[in-house]
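Right, one structure below, let's go through it.
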Amino acid sequence: MIIKCPWCGPRDSSEFVYQGEGGRTRPDQSSTDQSAWNAYVYDRVNTAGDHDEIWQHSGGCRSHLKIIRNTVTHKVLSVVFACDTQDQEKPA
Amino acid sequence: MVDQLSPLQPVLEAGRHPLADHSVGVTLGETQPGSIVQLAAWRGQEGAAVATIRDVTGLALPDGPGSGAFAETKAAFGFAPGKFLVIDQDEGLAAIFAGAVTSETGSVTDLSHGRTAIRVGGPKAQWVLAKFFAVDFSLSAFPLGSGISTVHHDIFAQIQRTGLEQFDLYVFRSFARAFWTSLRHASEEVGYEVQ
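Sequence order for the protein chains is A and B.
The first sequence begins at 46 in my numbering and counts up one residue at a time.
The second sequence begins at -10 in my numbering and counts up one residue at a time.
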């Protein structure tokens, strides 16, 4: 599987480390809602298809990346810097 | 300043190890720079870091990921977003940058004692390096002066092209002897000379 890092260009997937499902929202640090924490830590959507993921190019520029990957075909549909998407999602 | 001792010193022996037809495909050596410095710019301060590199070393880095430049005794390239490796054969570069880079621009890390610089050159340099790294070493994908970060198993390597057939590799010094041994083994099939 080849992942096209936005900075380094196309690299073998062995240079990257999977860091889990993207798009999860961490409960407020002071929250005592056990079910919310349980859901955050353990619940996964386990998509068969286009999947929102966070990866790190650990064997390269070390950037964290937001990747859409099809879990059935392993086709990588989009790769962007995770820091850029966080900026976009920040409330105005 | 504390004398720098090479981790390759016990194993680096100059000499030719040619093929049966007396040819050598690659030359291997250690460049032993006095200074290896990492510059990290805060977001939005990348241009200021590039300007500081130009002011201090005289090297003008073009725009774009991995761009770099080199001169006879100095070299610099971007190896990650906002991060640059600057190399000088003379010692003391980190102190100069520490005075030139403000806390508003970024940070300076002296890696002079933490990295070992290995030079691989010759007509088979691309061939030998391609056995280690899953990277396109052709001139069109890896232009003169540019640099990359990559990895050979656990050995993180920063590589700059400093000639049409020449690459400078920067590896962690604790891995350098193991990497050097692997490099010699990988070079046997094309014949090599240690300089």
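Using N, Cα and C, we set each Cβ at its ideal position, and we do this for glycine too.
The structure displayed is predicted, hence computed values, not measured ones.
C-alpha gap between residue i and residue j, whole angstroms
{"i": "Glu154 (chain B)", "j": "Gly68 (chain A)", "result": "45 Å"}
{"i": "Leu1 (chain B)", "j": "Val179 (chain B)", "result": "19 Å"}
{"i": "His142 (chain B)", "j": "Pro(-4) (chain B)", "result": "20 Å"}
{"i": "Val201 (chain B)", "j": "Val75 (chain B)", "result": "Because chain B is modelled from -10 through 184, residue 201 (chain B) falls outside the range shown and cannot be assessed."}
{"i": "His102 (chain A)", "j": "Val125 (chain A)", "result": "12 Å"}
{"i": "Thr77 (chain A)", "j": "Asn83 (chain A)", "result": "11 Å"}
{"i": "Arg162 (chain B)", "j": "Ser75 (chain A)", "result": "44 Å"}
{"i": "Thr151 (chain B)", "j": "Pro(-1) (chain B)", "result": "26 Å"}
{"i": "Asn115 (chain A)", "j": "Gly53 (chain B)", "result": "30 Å"}
{"i": "Ser123 (chain A)", "j": "Lys111 (chain A)", "result": "8 Å"}
{"i": "Leu100 (chain B)", "j": "Ala83 (chain B)", "result": "9 Å"}
{"i": "Asp88 (chain A)", "j": "Cys106 (chain A)", "result": "30 Å"}
{"i": "Gln115 (chain B)", "j": "Arg173 (chain B)", "result": "14 Å"}
{"i": "Arg71 (chain A)", "j": "Thr130 (chain A)", "result": "16 Å"}
Option in the options with minimal Cα separation from residue i
{"i": "Gln34 (chain B)", "options": "B:Phe73, B:His174 and B:Ser127", "result": "B:Phe73"}
{"i": "Phe145 (chain B)", "options": "B:Pro112, B:Arg104 and B:Glu182", "result": "B:Arg104"}
{"i": "Phe(-6) (chain B)", "options": "B:Ala40, B:Pro22, B:Ala130 and B:Ala9", "result": "Checking the displayed sequence, the identity of residue -6 (chain B) turns out to be Leu instead of Phe. Here the closest residue by C-alpha is B:Pro22."}
{"i": "Lys49 (chain A)", "options": "A:Ile113, A:Cys128 and A:Val117", "result": "A:Ile113"}
{"i": "Ser138 (chain B)", "options": "B:Thr94, B:Gly152 and B:Val160", "result": "B:Val160"}
{"i": "Glu182 (chain B)", "options": "B:Pro(-1), B:Ala3, B:Gln27 and B:Gln(-2)", "result": "B:Ala3"}
{"i": "Tyr85 (chain A)", "options": "A:Asp73, A:His96, A:Thr92 and A:Gly94", "result": "A:Asp73"}
{"i": "Thr26 (chain B)", "options": "B:Thr98, B:Thr41 and B:Thr91", "result": "Sequence inspection shows Val at residue 26 (chain B); the Thr mentioned does not correspond to that position. Considering only alpha carbons, the answer is B:Thr98."}
{"i": "Phe168 (chain B)", "options": "B:Gln184, B:Val140 and B:Pro112", "result": "B:Val140"}
{"i": "Gly111 (chain B)", "options": "B:Pro7, B:Ala49 and B:Asp(-8)", "result": "B:Pro7"}
{"i": "Ala106 (chain B)", "options": "B:Ile85, B:Leu50, B:Ala84 and B:Gln147", "result": "B:Gln147"}
{"i": "Gln184 (chain B)", "options": "B:Val(-9), B:Pro51 and B:Arg5", "result": "B:Arg5"}
{"i": "Trp100 (chain A)", "options": "A:Thr70, A:Ala127 and A:Trp52", "result": "A:Ala127"}
{"i": "Gly65 (chain A)", "options": "A:Cys53, A:Val117, A:Asp97 and A:Gly104", "result": "A:Asp97"}
{"i": "Asn91 (chain A)", "options": "A:Arg107, A:Val117 and A:Pro51", "result": "A:Val117"}
{"i": "Ile85 (chain B)", "options": "B:Thr170, B:Ser24 and B:Leu172", "result": "B:Ser24"}
{"i": "Lys113 (chain B)", "options": "B:Pro132, B:His102 and B:Val13", "result": "B:Val13"}
Sequence-distant residues of its chain with Cβ nearer than 6 Å to residue i (five each side left out)
{"i": "Arg210 (chain B)", "result": "The question about residue 210 (chain B) has no answer here: the residues shown for chain B are numbered -10 through 184."}
{"i": "Lys120 (chain B)", "result": "Ala175"}
{"i": "His119 (chain A)", "result": "Met46"}
{"i": "Ala55 (chain B)", "result": "The sequence shown places Gly at residue 55 (chain B), rather than the Ala named in the question. Within the same chain, Gly55 (chain B) has close Cβ partners Gly67, Ser135, Gly136 and Ile137."}
Close beta carbons around residue i, own chain, < 7 Å, minus the five adjacent residues each side
{"i": "Val117 (chain B)", "result": "Val15, Val109, Ala175, Ser176 and Val179"}
{"i": "Ala30 (chain B)", "result": "Ala37, Ala38, Gly71, Thr94 and Gly95"}
{"i": "Ala58 (chain B)", "result": "Leu48, Ala49, Leu50, Ala65 and Gly134"}
{"i": "Pro51 (chain A)", "result": "Val124, Val125 and Phe126"}
Beta-ladder partner(s) of residue i, from DSSP
{"i": "Glu182 (chain B)", "result": "B:Arg5 and B:Thr16"}
{"i": "Val124 (chain A)", "result": "A:Ile112"}
{"i": "Ser138 (chain B)", "result": "B:Gln147"}
{"i": "Val75 (chain B)", "result": "B:Val26 and B:Ala65"}
{"i": "Glu66 (chain A)", "result": "A:Glu98"}
{"i": "Pro55 (chain A)", "result": "A:Lys49"}
{"i": "Thr105 (chain B)", "result": "B:Val160"}
{"i": "Thr98 (chain B)", "result": "B:Gln27"}
Cutoff 8 Å; reference residue i; Cβ partners in own chain excluding five residues on either side
{"i": "Ala89 (chain B)", "result": "Thr41, Asp44 and Val45"}
{"i": "Arg32 (chain B)", "result": "Gly71"}
{"i": "Ala93 (chain A)", "result": "Thr116 and Val117"}
Between the region 53 to 61 of chain A and the region 120 to 139 of chain B, can you find at least three pairs of beta-carbon atoms closer than 8 Å? yes
Would you check if the region 77 to 90 of chain B and the region 49 to 68 of chain B touch, i.e. whether three or more CB-CB distances between them fall below 8 Å? yes
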